[in-house]
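Enquirer: Protein chains in written order, with numbering that gives the first Met the number 0: chain A, 0 to 221; chain B, 0 to 99.
C-beta: ideal position from N, C-alpha, C; glycine also.
None of these values were measured; they are calculated from a predicted model.
Okay, here's the structure, questions in a sec.
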Amino acid sequence: MNTLKKAELEEILLKFSYKEENELEAHKAFTIFYHEYSKYLSKVVFEAKRAAIYFYEDLVDIVVNNSFLIIYNSPLDFNIEDQDCDLDVDKKMKGYLAVIAKNELKGLLNKKYCLQEHDLTIDDKDFSFDPPEIEINRAHNLSYNQRILQEVLLTFSERDRLILLSVYDCHEVGKKRPKDIMAWLTKVHNTTDMNIRKIKSRCDKKIKEYFERNTTLKPLKR
Amino acid sequence: MIQINNILKLLESLGYLFPTNPETVTEFEKRYGKEIEEIKPKHWDNPLEILKKGKIEHIRIISKIKNPSYEGLAQAARNGTAISDEMKRKMLEDRNNAKD
Numbered sequence: 000m001n002t003l004k005k006a007e008l009e010e011i012l013l014k015f016s017y018k019e020e021n022e023l024e025a026h027k028a029f030t031i032f033y034h035e036y037s038k039y040l041s042k043v044v045f046e047a048k049r050a051a052i053y054f055y056e057d058l059v060d061i062v063v064n065n066s067f068l069i070i071y072n073s074p075l076d077f078n079i080e081d082q083d084c085d086l087d088v089d090k091k092m093k094g095y096l097a098v099i100a101k102n103e104l105k106g107l108l109n110k111k112y113c114l115q116e117h118d119l120t121i122d123d124k125d126f127s128f129d130p131p132e133i134e135i136n137r138a139h140n141l142s143y144n145q146r147i148l149q150e151v152l153l154t155f156s157e158r159d160r161l162i163l164l165s166v167y168d169c170h171e172v173g174k175k176r177p178k179d180i181m182a183w184l185t186k187v188h189n190t191t192d193m194n195i196r197k198i199k200s201r202c203d204k205k206i207k208e209y210f211e212r213n214t215t216l217k218p219l220k221r
Numbered sequence: 000m001i002q003i004n005n006i007l008k009l010l011e012s013l014g015y016l017f018p019t020n021p022e023t024v025t026e027f028e029k030r031y032g033k034e035i036e037e038i039k040p041k042h043w044d045n046p047l048e049i050l051k052k053g054k055i056e057h058i059r060i061i062s063k064i065k066n067p068s069y070e071g072l073a074q075a076a077r078n079g080t081a082i083s084d085e086m087k088r089k090m091l092e093d094r095n096n097a098k099d
């Protein structure tokens, strides 16, 4: 899948940083960079935000394009270490793009939340509200733990699953959940902060119990 | 016992969350490799259009929701079937009558 080498990526980022001196070269580099990573990032955004995609026009493209613009404008924020091999750099760049896209999406959804209330209005005569479920593929090629997690996710209601994934999505070690995200969730699901916490705690417990029942790993005795 | 970090890693590798570290990127690619290749992003033929347009700061809502779980229950009550055309026509008629 990957074709770019570490040195090529370094050159691309360098050309971005010299865009004011040589715009033509920067543009060429941007085209190569976009062709290298846009498919991957589109898939990442699509899979992670299936539920939100239904409600917003061109969401995947907007998030992907904005993420590419951020790298184009601040190329030297991405760190390439001397010891990194071609493959390391490729994976790091993909992870870095995902972090940018995640933050970008959060920003866009928050702005939208501030701008507009989420009320149901059917103003199109042919429109009927029938949102799709988050698709859980009972796919093959999964590791044992992936399969276990898929199975337990399928036991949750669509609403609980959506809430759980949204809360996990903003999880940062040692930090409280962002207030704006919690406010967005309570508004969209017409529920309370306390209820969201309860759902999260209930789902966490189920996941842990399911893993305990279905794996040989046992909790350490104290 | 499975820890929160392991759950997060698994969710990233499955694509439910953004895969942000090399390990989950590898797993994600393993899972979706073929589908990734088949995607054609909107600006594939002219990426420079993105630079011309600049950053987009707002997104447009396609449909608005008030209580998705209520809608889910309504659909469940219909045994999971969508609203029929006949039913939609009747609902619209009722709504228009109510306006008059």
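Output, in chain order, the set of chain A residues within a Cβ distance shorter than 9 Å of Lys51 (chain B).
Expert: On the second sequence, position 52 is the one that residue 51 (chain B) refers to. Near Lys51 (chain B) there are no residues of chain A at all, since even the closest Cβ is about 10 Å away, more than 9 Å.
Enquirer: In the structure shown, what three-state DSSP assignment does Ser12 (chain B) receive?
Expert: Mapped onto the second sequence, residue 12 (chain B) falls at position 13. Note: Ser12 (chain B) maps to helix in three-state DSSP.
Enquirer: Would you grab the beta carbon distance between Met181 (chain A) and Ile195 (chain A) for me? Rounded to a whole angstrom, and I think it's under 8 Å.
Expert: The count along the first sequence starts at 1 and reaches residue 181 (chain A) at position 182. The count along the first sequence starts at 1 and reaches residue 195 (chain A) at position 196. At roughly 7 Å, the Cβ-Cβ gap stays under 8 Å, so Met181 (chain A) and Ile195 (chain A) are in contact.
Enquirer: Enumerate in chain order the residues of its own chain whose CB-to-CB distance from Tyr31 (chain B) is below 8 Å, with the five nearest sequence positions on each side excluded.
Expert: By 1-based counting over the second sequence, the position of residue 31 (chain B) is 32. Around Tyr31 (chain B): Gly14.
Enquirer: What's the call for His42 (chain B), buried or exposed, on a 16-neighbour Cβ count within 10 Å?
Expert: Looking up residue 42 (chain B) in the second sequence gives position 43. It counts as buried.
Enquirer: Using the three-state DSSP reduction, which class does Lys54 (chain B) fall into: helix, strand or coil?
Expert: Counting from 1 along the second sequence, the entry for residue 54 (chain B) is found at position 55. Coil.
Enquirer: Indicate whether at least one CB of chain B lies closer than 9 Å to the CB of Leu12 (chain A).
Expert: Locating residue 12 (chain A) in the first sequence gives position 13, where the first residue counts as 1. No, its Cβ sits nowhere closer than 9 Å to a Cβ of chain B.
Enquirer: What are the residues of the stretch 75-93 of chain A that lie near chain B, defined by any Cβ-Cβ distance shorter than 8 Å?
Expert: The residues in question are Asp87, Lys90, Lys91, Lys93.
Enquirer: At 8 Å on the CB atoms, spell out the chain A contacts of Leu92 (chain B), in chain order.
Expert: Stepping through the second sequence from its first residue, residue 92 (chain B) is reached at position 93. According to the sequence provided, residue 92 (chain B) is Glu. The question's Leu does not apply to it. Result: empty, since nearest Cβ-Cβ is about 11 Å, beyond 8 Å.
Enquirer: Determine, for Leu153 (chain A), whether the minimum Cβ-Cβ distance to residues of chain B falls below 9 Å.
Expert: As a position in the first sequence, residue 153 (chain A) is number 154, starting the count at 1. Taking Cβ atoms only, chain B never reaches closer than 9 Å to Leu153 (chain A), which makes this a no.
Enquirer: At 9 Å on the CB atoms, spell out the chain D contacts of Leu164 (chain A), in chain order.
Expert: The structure shown contains no chain D; its protein chains are A and B.
Enquirer: DSSP state of Ser165 (chain A), grouped into three classes?
Expert: Here residue 165 (chain A) is taken as the residue at index 166 of the first sequence, counted from 1. Reduced to three states, the DSSP call for Ser165 (chain A) is helix.
Enquirer: Which of helix, strand or coil does DSSP assign to Glu286 (chain A)?
Expert: Absent from the structure is residue 286 (chain A), since the part of chain A shown begins at 0 and ends at 221.
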